[in-house]
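A.B. asks: Sharing a structure, written as structure tokens. Questions coming.
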Amino acid sequence: MTAISVVLPDGSTRELDDGATAFDLASSIGSGLAKAAVAAVVDGSLVDLSTTLHDNALVSIITSTSDEGRHVLRHSTAHVLAQAVTRLFPGAKFSVGPAIENGFYYDFDLPGGATFSADDLDAIESEMRRIVDEDQPFIRSEMTPSEALALFADQPYKCEIIQRVTAADGDSLDAGEVGSGDVISAYRNCDDFVDMCVGPHVPSTSRLQHFALQRTSGAYWRGSEQARMLQRIYGTAWESKAALQAHLQQLEEAAKRDHRRLATELDLLSFPSEIGGGLAIWHPRGAIVRRIMEDYSRSRHERGGYQFVFTPHLANGKLFATSGHLDYYADGMYPPMEMDNGTYYMKPMNCPMHCLVYGSRQRSYRELPIRLFELGNVYRYERAGTLHGLMRIRGFTQDDSHIFCREDQLADEVASLLDFVLSVLRAFGFDEFTFNLSTKDPEKYVGSDEIWEKATDALRTALDRHGLTYGVKDGDAAFYGPKIDIDVRDAIGRSWQLSTIQADFNNPERFDLEYIGADNARHRPIMLHRALFGSIERFFGVLLEHYAGAFPTWLAPVQVRVLPVSAAHETYARHVVEMLAEKNIRVDSVDAGDALGKRIRAAKLEKIPYVLVVGDDDVAASTVGVNPRGGDVDRDVPLADFMQSILAEITEATAKAMTA
RNA sequence: GCCUGGGUAGCUCAGUCGGUAGAGCAACGCACUCGUAAUGCGUAGGUCGUGAGUUCGAUUCUCAUCCCAGGCUCCA
0 MTAISVVLPD GSTRELDDGA TAFDLASSIG SGLAKAAVAA VVDGSLVDLS
50 TTLHDNALVS IITSTSDEGR HVLRHSTAHV LAQAVTRLFP GAKFSVGPAI
100 ENGFYYDFDL PGGATFSADD LDAIESEMRR IVDEDQPFIR SEMTPSEALA
150 LFADQPYKCE IIQRVTAADG DSLDAGEVGS GDVISAYRNC DDFVDMCVGP
200 HVPSTSRLQH FALQRTSGAY WRGSEQARML QRIYGTAWES KAALQAHLQQ
250 LEEAAKRDHR RLATELDLLS FPSEIGGGLA IWHPRGAIVR RIMEDYSRSR
300 HERGGYQFVF TPHLANGKLF ATSGHLDYYA DGMYPPMEMD NGTYYMKPMN
350 CPMHCLVYGS RQRSYRELPI RLFELGNVYR YERAGTLHGL MRIRGFTQDD
400 SHIFCREDQL ADEVASLLDF VLSVLRAFGF DEFTFNLSTK DPEKYVGSDE
450 IWEKATDALR TALDRHGLTY GVKDGDAAFY GPKIDIDVRD AIGRSWQLST
500 IQADFNNPER FDLEYIGADN ARHRPIMLHR ALFGSIERFF GVLLEHYAGA
550 FPTWLAPVQV RVLPVSAAHE TYARHVVEML AEKNIRVDSV DAGDALGKRI
600 RAAKLEKIPY VLVVGDDDVA ASTVGVNPRG GDVDRDVPLA DFMQSILAEI
650 TEATAKAMTA
């Protein structure tokens, strides 16, 4: 038998028998690798382990512990899911089943429009385990589109995909399913299950041990609300039991941090159904934190050269006709109110009002840039199914600003905004950011192409000048202009989109805004929309999850709780409370009705930063026992020392926040 | 808006194959006066989300509606 030679990623070569597969290569390197291998990359393409290697091929083995490997694992598990469903629901039609972050899903159309119930999930998962135990091989075959159409004749969704990819104007959406064009590949597990798929797959179902089905939901075919709703099943799959458990644990951790749960547990706010969906009421504890956030925001803006304005919650519809909101966003606005002299709407944005502030008198080029700031309450009619605690809410407050500037000021203004945004976000404990530039949506925009190009360039230039790397989201812009979005990464690695900076050449035109230039002629200012927190409500929710309810001392609703050991120490406890309160420290005390241990536990569950225990020794020596959140108890601390240290902590955090 | 599941005491949940409900924690009372994450005993608390229908009788079955959860779609 002749030999071939293949090149490994480290540049070394390896001799193999002619006809050897990628799996043979993995085995020749080591049995451990062969066991962990799920696929291979040959000359840059991800392929099955069963792929026959050619001489001089550049080969790397993909193991299940890499991102690519897990992707293969998850995709293969999706196939097993589909097979289980066809066994349990004869006649089920299946559409697509991709791997996604941390897992996979598969969409089905059940006979008679049936739907999955929670019990079905258990049965399907058991069936999947049976298929895994059967150790079925994934066997690849390739065919022409017409052969594929024949093979999948009873699978209308598959046929539609085949027709789309082979059509002249075939879009890339389906390429991931079947590859592009002339050759359609399919994987057969056994006589009665074959699925169209570009692959690769693990060699056999026995490699798919560590998975769990998670939930079912409806999902529109091809993501279109006009299309048929299919039944989707989500699952997760991992390379090992430990990895699966770690993932499930992380989900639990995230659930524990859920801001809706913490908001109830910590008595911060609630969503009474008497008010209606998507509307929150702030309880005293939550309102304190919010007020501190807002005060901080106000003082930062004051120092940043912003001028404060107030505008009403309602406006005549003509205003939103001028701004274009009624043309592009009427569905997302609260329904109109007919009143004596016109049709009124709740405002969905503050910008039209700020345009009126600008336009209220003649402006000189010397005044620019004019930075108008408002904590503006806006109302948007979010569809019922999209509401989600504070994260998606119908009434909220934007830390909103509109900057009117000259064209020659634009780049500097955007650049300094980027600094400003990051500094404010850092003050709240975020230090990992990602940036995205969103460009014109060809379906939904106002203004000329030229204006859009100008605005997009301005944003791009600012990002480049800052040396920031950023993604581009084509077609994601607002209807009036392109934007930069800033995402933060939270304490458990999740990403949240918070801030936005939007360039707008359109509204100044629509509102006919002008300034008198140095040349004594009239000019059009440029407008920047920007919000740092975005929505105060949402930002609060993100913070709550980021800190898991344990706000840093400067933000904590109650900073100190004083606990007298027994009734004899209550007078002294009150004295301690007074001393601290005098320094504007948020402090309370709980008298000795319950056992000390119980009161400490209660304070810990409330996530109060400092618990002060005072007993005989403390009364005698004017000291306190300091029990800090997440730290060790420190007895006999002079009260004056504690006060000094907590004040230093608070002012340091605030000062750092102010100058970060 | 669409799909699935849910709404029982302040919170977390159990339960009723149709005969008006129970636990733990919290609250309140009494005893205990306690040095760093749950002292003991007792009391009170619910027209079982809301409205209608079926029924001798509905928290339970049916329908409508509101709200909540997870997705889909949407998010200026």
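Throughout the first sequence, residue numbering follows numbering that gives the first Met the number 0, covering 0 to 659 in sequence.
Here a beta-carbon is modelled for each residue, glycine too, at the ideal position from N, C-alpha and C.
What you are looking at is a predicted structure, and each value in this text was computed from that prediction instead of being measured.
What does a CB cutoff of less than 6 Å around residue 64 pick up in its chain, not counting 5 residues either side in sequence?
C.D. replies: The residue given as residue 64 occupies position 65 in the first sequence. Correct list, in chain order: 238.
A.B. asks: Which value, in whole angstroms, describes the spacing of the CA atoms of residue 607 and residue 465?
C.D. replies: As a first step, residue 607 must be located in the first sequence, where it is residue number 608. As a first step, residue 465 must be located in the first sequence, where it is residue number 466. Going by the C-alpha atoms only, they are around 40 Å apart.
A.B. asks: Using three-state DSSP, classify residue 130 as helix, strand or coil.
C.D. replies: For the purposes of this step, residue 130 is taken as residue 131 along the first sequence, with counting starting at 1. Note: residue 130 maps to helix in three-state DSSP.
A.B. asks: Whose CA, out of 648, 610 and 643, lies closest to the CA of residue 633?
C.D. replies: In the first sequence, the residue the question calls residue 633 occupies position 634. Distance from the Cα of residue 633 is smallest, within the candidate group 648, 610 and 643, for 610.
A.B. asks: Sorry if obvious, but does the Cβ on residue 438 come closer than 8 Å to a heavy atom of the ligand HEM?
C.D. replies: Among the components of this structure there are no ligands whatsoever, and the ligand HEM is therefore not found.
A.B. asks: Just list the residues that DSSP pairs residue 94 with in beta bridges.
C.D. replies: As a position in the first sequence, residue 94 is number 95, starting the count at 1. Answer is none; residue 94 lacks a bridge partner.
A.B. asks: So, at 6 Å on beta carbons, what are the nonlocal neighbours of residue 333 in its own chain, with the 5 sequence-adjacent residues on each side left out?
C.D. replies: As a first step, residue 333 is located in the first sequence; it is residue number 334 there, counting from the start. The beta carbon of residue 333 sits closer than 6 Å to those of 345, 378 and 380, all from its chain and outside the five residues before and after it, given in chain order.
A.B. asks: Under three-state DSSP, which class holds residue 196?
C.D. replies: Within the first sequence, numbered from 1, the residue matching residue 196 stands at position 197. Residue 196 falls in the coil class under three-state DSSP.
A.B. asks: Residues in the same chain with beta-carbon distance under 7 Å from residue 148, minus the five sequence neighbours each way, listed in chain order, please.
C.D. replies: What you label residue 148 is simply residue 149 of the first sequence in a count that begins at 1. Closer than 7 Å at Cβ, skipping near neighbours: 158 and 161.
A.B. asks: Using alpha carbons as the reference points, say which of 546, 242 and 251 lies closest to residue 555.
C.D. replies: Taking the first residue of the first sequence as 1, we reach residue 555 at position 556. Of the listed residues, the one whose Cα sits closest to residue 555 is 546.
A.B. asks: Which ranges would you report for the alpha helix (DSSP H) in the stretch 54-128 if only whole runs of at least 4 residues count?
C.D. replies: For the stretch 54-128, whole alpha helix (DSSP H) runs of length 4 or above, ordered along the chain, are 66-87.
A.B. asks: For residue 34, count the other beta carbons within 10 Å of its own beta carbon; 16 or more makes it buried, fewer makes it exposed. Which is it?
C.D. replies: Translated into positions along the first sequence, residue 34 becomes position 35. With fewer than 16 Cβ atoms within 10 Å of its Cβ, residue 34 is classed as exposed.
A.B. asks: Cβ atoms of residue 49 and residue 131: under 9 Å apart, would you say?
C.D. replies: By 1-based counting over the first sequence, the position of residue 131 is 132. By 1-based counting over the first sequence, the position of residue 49 is 50. Cβ atoms of residue 131 and residue 49: not closer than 9 Å.
A.B. asks: Compute the Euclidean distance between the alpha carbons of residue 321 and residue 436, then round it to the nearest angstrom.
C.D. replies: Here residue 321 refers to the residue found at position 322 when the first sequence is read from its first residue. Here residue 436 refers to the residue found at position 437 when the first sequence is read from its first residue. Looking at the two C-alpha atoms, the distance is approximately 26 Å.
A.B. asks: Would you check if the stretch 528-540 and the stretch 555-573 touch, i.e. whether three or more CB-CB distances between them fall below 8 Å?
C.D. replies: no
A.B. asks: Between residue 364 and the rest of its own chain, which residues show a CB-CB distance below 8 Å, the 5 nearest in sequence each way excluded?
C.D. replies: For the purposes of this step, residue 364 is identified with residue 365 of the first sequence, where counting begins at 1. Once the five neighbours on either side are set aside, the close Cβ partners of residue 364 are 405, 514, 515, 516, 517 and 522.
A.B. asks: Where does residue 202 land, buried or exposed, given buried means 16+ other C-beta within 10 angstroms?
C.D. replies: Your numbering for residue 202 matches position 203 in the first sequence. Buried: at least 16 other Cβ atoms inside 10 Å.
A.B. asks: Assign residue 411 to one of three DSSP states: helix, strand, or coil.
C.D. replies: Counting from 1 along the first sequence, the entry for residue 411 is found at position 412. Helix, per DSSP.
A.B. asks: Please name the residue, chosen from 11, 603, 16 and 646, that lies closest to residue 3 on a Cα-to-Cα basis.
C.D. replies: Here residue 3 refers to the residue found at position 4 when the first sequence is read from its first residue. Ranking 11, 603, 16 and 646 by Cα distance to residue 3 puts 16 first.
A.B. asks: Give me the Cα-Cα distance between residue 184 and residue 220, rounded to the nearest whole angstrom.
C.D. replies: Here residue 184 corresponds to residue number 185 of the first sequence, with the count starting at 1. Here residue 220 corresponds to residue number 221 of the first sequence, with the count starting at 1. Taking the straight line joining both Cα atoms gives about 22 Å.
A.B. asks: Kindly list the residues whose CB is nearer than 7 Å to the CB of residue 370, restricted to its own chain and excluding five residues on each side of it in sequence; keep chain order.
C.D. replies: Within the first sequence, numbered from 1, the residue matching residue 370 stands at position 371. Only 304, 305, 306, 400 and 402 meet the Cβ criterion.
A.B. asks: Compute the Euclidean distance between the alpha carbons of residue 631 and residue 624, then round it to the nearest angstrom.
C.D. replies: Here residue 631 refers to the residue found at position 632 when the first sequence is read from its first residue. Here residue 624 refers to the residue found at position 625 when the first sequence is read from its first residue. Going by the C-alpha atoms only, they are around 11 Å apart.
A.B. asks: Taking only runs of the beta strand (DSSP E) that begin and end inside the stretch 202-253, which ones reach a length of at least 3 residues, in chain order?
C.D. replies: 209-219 and 228-237
A.B. asks: Assess contact between the stretch 381-399 and the stretch 408-418, defined as three or more Cβ pairs (one per stretch) separated by less than 8 Å. Is contact present?
C.D. replies: no
A.B. asks: Buried or exposed: residue 557, going by 16 or more other Cβ atoms within 10 Å of its Cβ?
C.D. replies: Here residue 557 corresponds to residue number 558 of the first sequence, with the count starting at 1. Result: buried.
A.B. asks: Determine the DSSP secondary structure at residue 623, reduced to helix, strand or coil.
C.D. replies: On the first sequence, position 624 is the one that residue 623 refers to. Residue 623 falls in the strand class under three-state DSSP.
A.B. asks: Nearest-angstrom Cα distance between residue 247 and residue 605?
C.D. replies: Reading the first sequence from its first residue, position 248 is the one you call residue 247. Reading the first sequence from its first residue, position 606 is the one you call residue 605. Straight-line measurement puts the Cα of residue 605 at about 26 Å from the Cα of residue 247.
A.B. asks: My guess is that residue 497 and residue 483 are in contact by the Cβ rule of under 8 Å, so how many angstroms apart are they, rounded?
C.D. replies: Within the first sequence, numbered from 1, the residue matching residue 497 stands at position 498. Within the first sequence, numbered from 1, the residue matching residue 483 stands at position 484. Not really, about 12 Å apart at Cβ, beyond 8 Å.
A.B. asks: Applying the 10 Å Cβ sphere with the 16-neighbour rule, what's the burial state of residue 617?
C.D. replies: One-based indexing of the first sequence puts residue 617 at position 618. Answer is buried; the Cβ neighbour count reaches 16.
A.B. asks: Would the beta-carbon of residue 279 fall within 9 Å of that of residue 268?
C.D. replies: As a first step, residue 279 is located in the first sequence; it is residue number 280 there, counting from the start. As a first step, residue 268 is located in the first sequence; it is residue number 269 there, counting from the start. Yes.
A.B. asks: Identify which residue in 552, 612 and 564 has its Cα closest to the Cα of residue 648.
C.D. replies: The residue labelled residue 648 in the question sits at position 649 within the first sequence. Minimum Cα-Cα distance from residue 648 among the listed residues 552, 612 and 564 corresponds to 552.
A.B. asks: Give me, in chain order, the residues of the same chain whose beta-carbon lies closer than 6 Å to that of residue 172; leave out the 5 immediate sequence neighbours on both sides.
C.D. replies: On the first sequence, residue 172 is found 173 positions in, with the first residue counted as 1. No answer about residue 172 holds up, because its pLDDT of 49 lies below 50 and its placement is not dependable.
A.B. asks: Going by C-alpha to C-alpha distance, which of 78, 100 and 109 sits closest to residue 89?
C.D. replies: Position 90 of the first sequence, counted from the first residue, corresponds to residue 89. Checking every option, the nearest Cα to that of residue 89 belongs to 109.
A.B. asks: Do you know offhand how far residue 274's Cα is from residue 292's?
C.D. replies: Start at 1 with the first residue of the first sequence, and residue 274 comes out as number 275. Start at 1 with the first residue of the first sequence, and residue 292 comes out as number 293. Taking the straight line joining both Cα atoms gives about 25 Å.
A.B. asks: Give the single residue among 58, 261, 559 and 439 whose Cα lies nearest to the Cα of residue 627.
C.D. replies: Reading the first sequence from its first residue, position 628 is the one you call residue 627. It is 559 whose Cα lies nearest to the Cα of residue 627.
A.B. asks: DSSP three-state label for residue 284, please.
C.D. replies: In the first sequence, counting from the first residue as 1, residue 284 sits at position 285. In the structure shown, residue 284 sits in a helix (DSSP, three-state: H, G or I).
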